[in-house]
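Using the numbering used here, you'd call the opening residue of the sequence shown number 1364 and step up by one each time.
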Amino acid sequence: MKAIVAIAYRNLLRNKKRSFIIILAITIGLGAIVFLRGFASGAQRQMVDNIVSVITSEISIVHKSMENIYNTNGTIEDPETVRRLLRGDPRVAGFAEEVFGSGIVSSPQASIMTFVSGIDPQQEIAIGSRFPIVSGRLYAPDDDHSVIVGEKMRKILGIELGEKVVVTVQDQSGGLTGESFTLIGTLEIGNDQLDSGTVVVSLGAGKRLLGMGDRLSKFAVKTTHRDHIPGVVKDLRGKLSGTDLMVMTWDELIPMMAQMMRFQDGMIFVVLLIVLSVVTAGILNTLLMSIVERTREFGLMLALGTKPLQVISLLVFETILLSLAGISGGISLGILAILYFGHVGIDLSRFVSTFSNLLVGSHVFPRVDWTYIGLFLMVVLVSNILIAFYPAWRASRLQPVEAMRQVG
């Protein structure tokens, strides 16, 4: 076996140009795939971070009638039971209490359908939530007559900080209630629908406006580590199975975002297949040409008693050596590019209108995804080895006398 590997290595050095072309093709193709996966992983990580810190949370406990983030039906009638469960779980880093409902916000210039959310800023900050305030300030927990709206909503309403708006909602009894609030700040989440349709008031004001009493709409839960999320969700679902509450992760509350990420993964897989097809086709063509050029060599080897299996092994090992060299170069190239752009970022500001609604941001920071790198390595290596068997089999089937006469 060592002799075959040594011969395969020397054969590759005999035709350095051909070997270099194959290695370069694998390096560029695999490097591009590794970097593309790193870009997608970075974008998806930023997207998830923004979703759980700005829009929803790692885990949400809501009424069973709430099917998604935009559904405001149902309330948590016994929040104290949920509080005890969460406080008794060491994997839970903290939680925030929220109320919300649908309504209308009005100014002298315009009226807009809106999503009204009542929160405690201190609780939200404690669980890692971010408030992308672009003007003004956050309110104190007891600031019950102030409001924060999306920057785009402010422009539509035609109001400035310090001016008043009227927020009207349908309360829990089915009646319409409205109050006047002073605008103290605006925020920019990065999603057109949310920036033009979100009103945030204090938790106390939200409860009063919606007629909630001690009831809540949601518990937003943060774990000590994201690896704990599946276990915490499973345990909470078991303990709350006899109630009218359900435990949901962010991707269950916003299924469209999860579907989009799966679509991105599918697109990367398609690109991998395309690159793989090009690389393997090049290797197959090169190996077939190699057999034509080396027909006399293979005929002589067979005439001297070399077994067909040894000829196959020789060509397969040549392919393995070429593949390993190309894979090493491709992975190194891809990782170096990821590390560089992961530090400086990739500026997407010229495409900000396209990516803003995806909650990615103006800069994407790629990250190394070792799981996919291992997968790409195996796929490229195995596919190249498999593609080598056909030309190797053809070479092993040559008739020694005919092969030597054909060239000689």
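Using N, Cα and C, we set each Cβ at its ideal position, and we do this for glycine too.
Given the structure is predicted, the values throughout are model-derived calculations rather than measurements.
**Request:** Please classify D1747: is it buried, with 16 or more other beta-carbons within 10 angstroms of its beta-carbon, or exposed?
**Result:** Before going further, note that residue 1747 is Asn rather than Asp in the sequence given. The residue is buried, with at least 16 neighbouring Cβ atoms inside 10 Å.
**Asked** Applying the criterion that 16 or more other CB atoms from any shown protein chain within 10 Å of the CB defines a buried residue, is L1399 buried or exposed?
**Response** buried
**Request:** Work out the CA separation of V1707 and V1368 for me, nearest whole Å.
**Result:** 43 Å
**Message:** Along the chain, where does the beta strand (DSSP E) containing Q1762 start, and where does it finish?
**Reply:** Where Q1762 is concerned, there is no enclosing beta strand (DSSP E), given that its DSSP letter is neither H nor E.
**Message:** Rounded to whole angstroms, what is the Cα-Cα separation between R1659 and F1402?
**Reply:** 48 Å
**Asked** Can you round the beta-carbon distance between E1514 and I1482 to whole angstroms, since I take them to be within the 8 Å contact cut?
**Response** No, E1514 and I1482 are not in contact; Cβ-Cβ is about 18 Å, not under 8 Å.
**Request:** Could you name the residues of the same chain whose beta carbon sits closer than 8 Å to that of T1419, not counting the 5 residues immediately before and after it, in chain order?
**Result:** I1432, A1583, W1613, L1616 and I1617
**Prompt:** Contact between the segment 1383-1394 and the segment 1553-1570: three or more CB pairs below 8 Å?
**Reply:** no
**Message:** Residues in the same chain with beta-carbon distance under 6 Å from G1394, minus the five sequence neighbours each way, listed in chain order, please.
**Reply:** G1693, L1696 and G1697
**Separation of F1478 from S1465, as counted between CA atoms** = 5 Å
**Buried/exposed call for Y1753, threshold 16 Cβ in 10 Å** = exposed
**Through-space distance from A1755 to F1329, alpha-carbon basis** = Outside the shown range of the chain, which is 1364 to 1771, sits residue 1329, and nothing can be said about it.
**Asked** What residues in its chain sit with their C-beta under 8 Å from that of I1490, if we drop five residues either side in the sequence?
**Response** S1420, A1456, G1457, F1458, A1459, A1583, V1584 and K1585
**Item:** Residue of D1534, P1593 and I1547 minimising C-alpha distance to R1454
**Value:** P1593
**Message:** Cutting at 7 Å between CB atoms, please list the residues of its own chain near E1440, excluding the five before and the five after it.
**Reply:** R1578
**Request:** Identify, in the order they occur along the chain, each residue of the same chain with its Cβ nearer than 8 Å to the Cβ of S1536, setting aside the five sequence neighbours on each side.
**Result:** G1574
**Backbone secondary structure at V1468 - three-state DSSP** = strand
**Prompt:** Going by C-alpha distance, which of F1383, N1374 and R1373 is nearest G1645?
**Reply:** F1383
**Asked** Run through DSSP, which three-state label would L1399 get?
**Response** helix
**Prompt:** Does any residue of chain D bring its CB to less than 9 Å from the CB of L1557?
**Reply:** In summary, chain D is missing from the structure at hand, where a single protein chain is found.
**Prompt:** Any idea if R1730 is buried or exposed, counting beta-carbon neighbours within 10 angstroms, 16 or more meaning buried?
**Reply:** buried
**Message:** Given a cut-off of 9 Å on the beta-carbon distance, is the pair I1750 and H1726 in contact?
**Reply:** no
**Message:** Considering Cα atoms alone, identify which of I1631, M1623, Q1762 and R1500 is closest to A1666.
**Reply:** Q1762
**Message:** Please report the straight-line C-alpha distance between R1373 and V1634, rounded to a whole angstrom.
**Reply:** 34 Å
**Asked** What are the boundary residues of the beta strand (DSSP E) that includes E1443?
**Response** Segment P1442 to R1450 is the alpha helix (DSSP H) holding E1443; no beta strand (DSSP E) there.
**Message:** How far does the beta strand (DSSP E) with G1499 in it extend, from its first residue to its last?
**Reply:** I1496 to G1499
**Prompt:** Would DSSP call A1508 helix, strand or coil?
**Reply:** The residue you asked about is not Ala; residue 1508 is His in the sequence shown. Coil at H1508, not helix or strand.
**Prompt:** Is L1678 closer than 9 Å to I1371 when the C-beta atoms are compared?
**Reply:** The displayed chain sequence assigns Ala, not Ile, to residue 1371. Yes, the pair counts as a contact, with Cβ atoms nearer than the cut-off.
**Message:** Just to confirm my understanding: we take T1643, look at its own chain, exclude 5 residues before and 5 after, and list those with CB closer than 8 Å. What are they?
**Reply:** S1746, N1747 and I1750
**Item:** With 16 other Cβ atoms within 10 Å as the buried cut-off, status of Q1622
**Value:** exposed
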